[in-house]
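Trainee: Shown below is the structure under consideration.
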Amino acid sequence: MTKMETLFEDVKKACQEVYQAVRFGMDENFYQYAGRGAGGDLSSNIDLFAEKIFIKYLAKYGKIISEEAGEIGEGEFTLIIDPIDGSDNLLSRFPYFGSSIALMKDGKTLFSFIVNYASGEFFVRDGSFYKKGSLLYEKLKDVQSNYHARVGLFEKAYANPNIVQGLKFAGLKFRSPGAVALSLAYARYVKFVIFVGEIRPYDVVAGLHQCEGLYTYKNDTIIVVSKEQEIFDKIYEIVIKD
């Protein structure tokens, strides 16, 4: 097996272990908070539990940068990990939460893996290899764009009322589910993805890697993605105007 194939297997094993906990083993202790993580958000015990699992499986590949613990170890490669993407959703028992993992070297993302624990579905990318699969079975499938989408995803819509009004005026429907990496992973399925706010590597590196080949705009506080140029142009104008 190649290094990336081995990494994929280890990432999948780690996510399967986390999946078992979040789906079938969420005891009361996991809902408690244990201070603030390196990313600035409050860290729950389930965040820390998931992080320990990823460190156990992935520390051998290089330096880890995680939302909870910050930088761990060193090496030729860097892994950017959000142990629980959408942890508020998980703690609220709202089924839209997962994990994101990206492997980087010299500032370039080489590998990404994003999983939705509510369904077990994951997306994996390594160069031109881009597939979806499930933690529950072995078969991988091609990721097909959905051109029948009726809604987009707007992360942090609650903090950007002017953009919300612009989208409403343009007749662009959206949902705001609360897990940035996961929303970016679904960019080929939905009409568009918008994120406006503080951009942290744990939230977006894996997702942006999986959005390669789509119409994408990114600056320090804004991400706009769509598979359709006409929709992308409309949203870009609305967001930048704000």
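With positions in the sequence shown counted from 1, the corresponding number in this note's numbering is that position plus 2. Just so you know, even glycine gets a beta-carbon here, dropped at the ideal spot from N, CA and C.
Look at the alpha carbon of glutamate 78 and the alpha carbon of lysine 107, and state the distance between them as a whole number of angstroms.
Mentor: The count along the sequence shown starts at 1 and reaches residue 78 at position 76. The count along the sequence shown starts at 1 and reaches residue 107 at position 105. Their backbone Cα atoms lie some 7 Å apart in a straight line.
Trainee: With DSSP run on the structure shown, which of helix, strand or coil describes tyrosine 63?
Mentor: Your numbering for residue 63 matches position 61 in the sequence shown. Tyrosine 63 falls in the helix class under three-state DSSP.
Trainee: Taking the beta carbon of proline 179 as the centre, do at least 16 other beta carbons fall within 10 Å, making it buried, or is it exposed?
Mentor: In the sequence shown, counting from the first residue as 1, residue 179 sits at position 177. It counts as buried.
Trainee: Pick out whichever of Glu73, Ser114 and Ile48 has its Cα sitting closest to the Cα of serine 94.
Mentor: The residue given as residue 94 occupies position 92 in the sequence shown. Ranking the options by Cα distance to serine 94, first place goes to Ile48.
Trainee: So within the region 167-202, which uninterrupted beta strand (DSSP E) runs reach at least 3 residues, ignoring any that extend past its ends?
Mentor: Here the runs fully enclosed are 195-198.
Trainee: I want to know whether the region 166-183 touches the region 224-240 - three or more CB-CB distances under 8 Å.
Mentor: Yes: at least three Cβ pairs fall under 8 Å.
Trainee: Compute the Euclidean distance between the alpha carbons of serine 101 and glycine 135, then round it to the nearest angstrom.
Mentor: As a first step, residue 101 is located in the sequence shown; it is residue number 99 there, counting from the start. As a first step, residue 135 is located in the sequence shown; it is residue number 133 there, counting from the start. Rounded to whole angstroms, serine 101 to glycine 135 spans 14 Å at the Cα level.
Trainee: Would you call histidine 150 buried or exposed, if buried means 16 or more other Cβ atoms sit within 10 Å of its Cβ?
Mentor: Taking the sequence shown and counting its residues from 1, one reaches residue 150 at position 148. Exposed: under 16 other Cβ atoms inside 10 Å.
Trainee: So which of Ser89, Asp29 and Glu30 has the shortest CA-CA distance to valine 182?
Mentor: As a first step, residue 182 must be located in the sequence shown, where it is residue number 180. Looking at the Cα atoms, Ser89 is the closest of the given residues.
Trainee: Buried or exposed for alanine 120, please, with buried defined as at least 16 other CB atoms from any protein chain shown within 10 angstroms of its CB.
Mentor: Residue mapping note: residue 120 aligns to position 118 of the sequence shown, counting from 1. Counting Cβ neighbours within 10 Å, alanine 120 comes out buried, since at least 16 surround it.
Trainee: Please state if the CB of phenylalanine 176 and the CB of valine 153 are separated by a distance shorter than 7 Å.
Mentor: In the sequence shown, the residue the question calls residue 153 occupies position 151. In the sequence shown, the residue the question calls residue 176 occupies position 174. Yes, the pair counts as a contact, with Cβ atoms nearer than the cut-off.
Trainee: Give the straight-line distance between the Cα atoms of leucine 184 and asparagine 162, rounded to the nearest whole angstrom.
Mentor: For the purposes of this step, residue 184 is identified with residue 182 of the sequence shown, where counting begins at 1. For the purposes of this step, residue 162 is identified with residue 160 of the sequence shown, where counting begins at 1. Distance between the alpha carbons of leucine 184 and asparagine 162: 20 Å.
Trainee: Which one or two residues does DSSP pair with glutamine 104 in a beta bridge?
Mentor: Position 102 of the sequence shown, counted from the first residue, corresponds to residue 104. Looking at the sequence itself, residue 104 is alanine, so the reference to glutamine does not match. DSSP lists Ile82 and Ser114 as partners of alanine 104.
Trainee: Excluding sequence positions up to five away, which residues of its chain have a Cβ less than 8 Å from the Cβ of glutamate 200?
Mentor: For the purposes of this step, residue 200 is taken as residue 198 along the sequence shown, with counting starting at 1. Result list for glutamate 200: Thr223, in chain order.
Trainee: Based on the DSSP secondary-structure assignment, which residues constitute the bridge partners of arginine 127?
Mentor: What you label residue 127 is simply residue 125 of the sequence shown in a count that begins at 1. Partner(s): Ser114 and Tyr132.
Trainee: How big is the Cα-Cα spacing for tyrosine 33 and glutamate 232?
Mentor: The residue labelled residue 33 in the question sits at position 31 within the sequence shown. The residue labelled residue 232 in the question sits at position 230 within the sequence shown. For tyrosine 33 and glutamate 232, the distance between alpha carbons rounds to 43 Å.
Trainee: By how many angstroms is the C-alpha of alanine 208 removed from the C-alpha of cysteine 17?
Mentor: Numbered from its first residue, the sequence shown carries residue 17 at position 15. Numbered from its first residue, the sequence shown carries residue 208 at position 206. Roughly 15 Å separates the two Cα atoms.
Trainee: Going by beta carbon distance, what residues of the same chain come within less than 6 Å of tyrosine 191, once the five residues before and after it are set aside?
Mentor: Taking the sequence shown and counting its residues from 1, the one referred to as residue 191 is at position 189. Within the same chain, tyrosine 191 has close Cβ partners Asn148.
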